[in-house]
Every structure is written in structure tokens, then in C-alpha cells.
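Numbering (this note's numbering), first residue to last: 9 to 298. One structure is given below, encoded as C-alpha cells.
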Ligand SMILES: NC(=O)c1ccc[n+]([C@@H]2O[C@H](COP(=O)([O-])OP(=O)(O)OC[C@H]3O[C@@H](n4cnc5c(N)ncnc54)[C@H](OP(=O)(O)O)[C@@H]3O)[C@@H](O)[C@H]2O)c1
């Protein structure tokens with residue numbers, strides 16, 4: 009038995025099963041556990057070992073990877089008999105989605121029981137796992153990460169290690185989701201605008217897809233501007249966006265459609281203009297939120 013080659017996977021939902029399968033296919037010895045045992049069955053046929061309890065799963069390997077519905081589910085498992093004691097001297101990589109506060113509480117719990125703990129956020133669907141570009145955010149102690157980085161690469165080729173601040177992965181995941189939902193709200197309004205004018209909404213989706221890579225690069229630039237604190241105009245003067253958002257709002261009103269989404273961003277940009285930020289880079293909008 010080579011304990012370095014062993015890994016336990018706790019939680020066998022859509023994501024956990026995928027993680028266990030990737031470990032199995034990489035030649036590792038995998039011990040699995042799930043609250044409902046039936047979900048482990050297909051994995052047993054592929055070579056996994058079923059642990060009798062969550063505590064046995066943790067004990068089976070130096071590394072346990074856990075991915076359940078949320079932290080409520082995770083904490084229910086951590087409270088099961090023998091789990092905390094089994095963690096002593098072992099590493100838990102926790103990939104369920106949660107809040108920054110969840111991550112901080114989990115680290116405190118693991119430390120109290122002598123375990124090493126890394127917190128992570130998976131930014132891909134199960135079918136996208138195991139690819140060279142699969143994004144997973146990880147945070148926690150650097151030496152703990154260094155010890156398991158190679159093993160985790162089996163799950164995702166694009167692991168972004170965010171340093172030892174334990175809540176960094178959860179925070180960056182929320183920040184990413186904020187971007188996604190903000191953009192999605194704008195997208196849905198755009199679809200409504202196109203629809204209201206009798207245009208092909210599927211065609212609108214194609215247009216959005218075509219411009220998305222360059223907008224990703226633009227957002228990356230704006231983030232660097234915010235980090236630098238230097239808001240001199242380099243790409244896009246904020247005043248242009250004051251006019252553009254007002255045009256979206258006016259045209260939406262003229263079309264007689266809902267204006268909740270453009271009203272929100274038009275108001276933010278208008279306040280930035282009132283604050284005298286018009287001749288700064290668009291990223292200066294963050295000053296309105298500070
Ligand atoms: N699926 C995705 O596309 C995706 C993408 C990115 C991130 N994630 C994240 O990955 C995590 C897992 O997602 P999933 O898609 O695998 O979810 P899922 O298919 O719904 O599976 C949920 C898992 O949590 C377990 N669970 C739920 N409540 C529990 C409790 N009270 N006690 C013990 N176990 C409990 C379930 O056990 P039972 O089988 O016994 O119910 C099952 O193993 C989530 O945090 C999700 O946000 C998922």
C-alpha cells in the first residue's frame with residue numbers, strides 16, 4: 009500500500025462521482041463514501057473501495073477530497089461519529105461551494121482536530137472536469153497545497169492557488185458569480201430589447217458569444233487598473249459609458265419594455281459622472297461603490 013497514492017472521496021453526487029472517477033482513472037486507490045450508499049455502486053465496479061463510514065473513509069488515506077451539496081451537508085458529515093478524530097494528521101480538501109465564513113469555520117474545525125485543510129471552489133460542470141483548462145480555485149496553507157497539488161491536477165488542469173488566506177477561494181468564487189449574474193441580467197435585458205423589436209434572439213446570442221473573449225480581456229485590464237489605483241484613461245473613458253447606458257435606458261423606455269436593469273447601471277454611471285469621474289478610465293466606477 010502506498011498511502012501517497014491513496015485518496016478518499018466523500019460525497020458522491022454528480023460532482024463527487026466525477027472526482028472519484030478521475031482519481032480512479034489516474035491509477036489511484038480510491039476509497040469512497042456517500043450518505044446514500046447506492047451512489048457508490050458504479051464506482052465499486054470501476055475499482056473503488058466503499059468505506060463503512062465517513063470516519064473510515066477519512067482514515068483510509070492521507071488525503072480526503074470532499075464535495076457535497078453545501079456546507080450544511082459538509083458539517084453534518086463532519087459531526088458524524090469518529091470523523092473529527094480521523095482527521096488528525098490528514099489533509100482535507102473541501103470543494104463544496106460555500107461562503108467565506110463557511111471556509112473560515114471549516115479551517116478552525118479542522119485545526120482543532122489536528123487536520124490540514126484546503127478550501128476550494130469548482131468553476132466547472134461535472135462533464136468539464138479533468139480537462140487542461142478546468143478552473144478550480146484553491147486557498148489555504150501553502151505547504152499543504154504544495155503536498156497535494158499534483159494529485160489535484162487530475163481533477164482540473166487550471167487550478168488557481170490563491171494563497172494562504174483560507175476564504176480567498178470562496179470570495180473569488182462569489183466575485184466571479186457576481187460578474188456572471190451581473191452580465192446575465194444585462195444579457196437578458198438585451199434579449200428583451202431584441203425581442204421587442206422583432207429581432208432574432210438566437211442571433212443576439214451569437215453576437216454576444218463573438219465579442220465575449222475581447223470583453224474578458226477588457227475586464228482583466230480594468231481589474232488591473234483598479235488594483236493599480238491609476239485611473240488615467242487607457243482603454244475606455246467613463247464618460248462614454250454614461251452616454252451609452254443612458255441610450256440603452258431611453259431606447260428601452262421608447263420600446264415600452266421593462267427598464268430595471270438599465271436603470272441600475274445608468275444610475276451608477278450617472279453618479280460617477282456627478283462625482284467628476286467622467287474623464288477617468290471606466291474602472292473608476294468602483295469609486296462609487298466604495
Ligand atoms: N454539478 C455542478 O455543475 C457543479 C458545478 C460547480 C460546483 N458544484 C458544487 O459541487 C458541490 C456538489 O454538487 P453536486 O452537483 O455533486 O450536487 P448533488 O448531485 O446534488 O449531490 C449532493 C451531494 O451532497 C450530499 N448531501 C446533501 N445533503 C447532505 C447531508 N445533509 N448529509 C450528507 N450528505 C448530504 C448528497 O448525498 P446523498 O446522495 O445521500 O443525497 C450528495 O452526495 C456543490 O457545492 C456544488 O455547488 C457543482
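We treat Cβ as the ideally placed atom computed from N, Cα and C, and that holds for glycine. Remember, predicted model here, so these are calculated numbers, not experimental data.
Element boundaries [beta strand (DSSP E), containing residue i]
i	result
residue 124	124-130
residue 292	Neither: residue 292 is in no beta strand (DSSP E) and is coded neither H nor E.
residue 253	Run containing residue 253: none in the beta strand (DSSP E); it sits in the alpha helix (DSSP H), 246-263.
residue 71	71-74
Residue range of the unbroken alpha helix (DSSP H) whose run includes residue i
i	result
residue 229	209-236
residue 83	79-86
residue 25	22-33
residue 91	91-94
residue 14	No alpha helix (DSSP H) holds residue 14; the beta strand (DSSP E) holding it covers 14-18.
residue 274	268-282
residue 66	62-68
residue 100	Element bounds for residue 100: not the alpha helix (DSSP H) but the beta strand (DSSP E), 99-102.
residue 111	108-120
residue 37	Note, residue 37: premise wrong, no alpha helix (DSSP H); beta strand (DSSP E) at 37-41.
residue 49	49-53
CA nearest to the CA of residue i, picked from the options
i	options	result
residue 246	285, 210, 169 and 232	285
residue 250	237, 134 and 292	292
residue 60	223, 32 and 89	89
residue 127	134, 118, 133 and 135	118
residue 294	259, 263 and 236	236
residue 123	110, 185 and 95	95
residue 153	163, 248, 170 and 108	170
residue 104	142, 24 and 143	24
residue 312	298, 157 and 133	Lying before the first or after the last residue shown, residue 312 is absent from the chain, which here runs from 9 to 298.
residue 248	240, 193, 260 and 281	281
residue 69	85, 156, 110 and 130	156
residue 260	172, 277, 139 and 198	198
residue 93	81, 111, 65 and 232	65
residue 149	230, 116 and 109	116
residue 182	277, 108, 163 and 151	108
residue 71	214, 144, 62 and 100	100
residue 290	271, 244 and 163	244
residue 191	270, 136 and 143	270
residue 15	22, 42 and 32	32
residue 146	62, 134, 53 and 163	163
Neighbourhood of residue i by C-beta distance below 6 Å, restricted to the same chain and skipping five residues each side
i	result
residue 274	253, 254 and 257
residue 265	200 and 204
residue 263	204
residue 305	Outside the shown range of the chain, which is 9 to 298, sits residue 305, and nothing can be said about it.
Close Cβ partners of residue i (< 7 Å) along its chain, the five nearest in sequence each way excluded
i	result
residue 106	78, 79 and 178
residue 212	198, 199 and 202
residue 139	165
residue 278	250
residue 296	276, 279, 280 and 283
Cβ shell of residue i (< 8 Å), same chain only, five flanking positions each side left out
i	result
residue 161	167
residue 9	The pLDDT assigned to residue 9 is 42, lower than 50, so where the model puts this residue is not dependable; a value taken from the coordinates is nonetheless given after this. So the qualifying residues of the chain are 37.
residue 28	17, 20, 38, 40, 51 and 56
residue 220	none
residue 35	13
inquiry  = Which residues end up in the neighbourhood of ligand 1 when you take C-beta atoms closer than 6 Å to any of its heavy atoms?
reply    = 19, 20, 21, 22, 23, 24, 42, 43, 44, 47, 75, 76, 77, 78, 81, 84, 85, 104, 105, 130, 133 and 134
task = At 3 residues or longer, and completely inside the region 126-207: list those beta strand (DSSP E) runs for me, N to C.
result = 143-148 and 166-169
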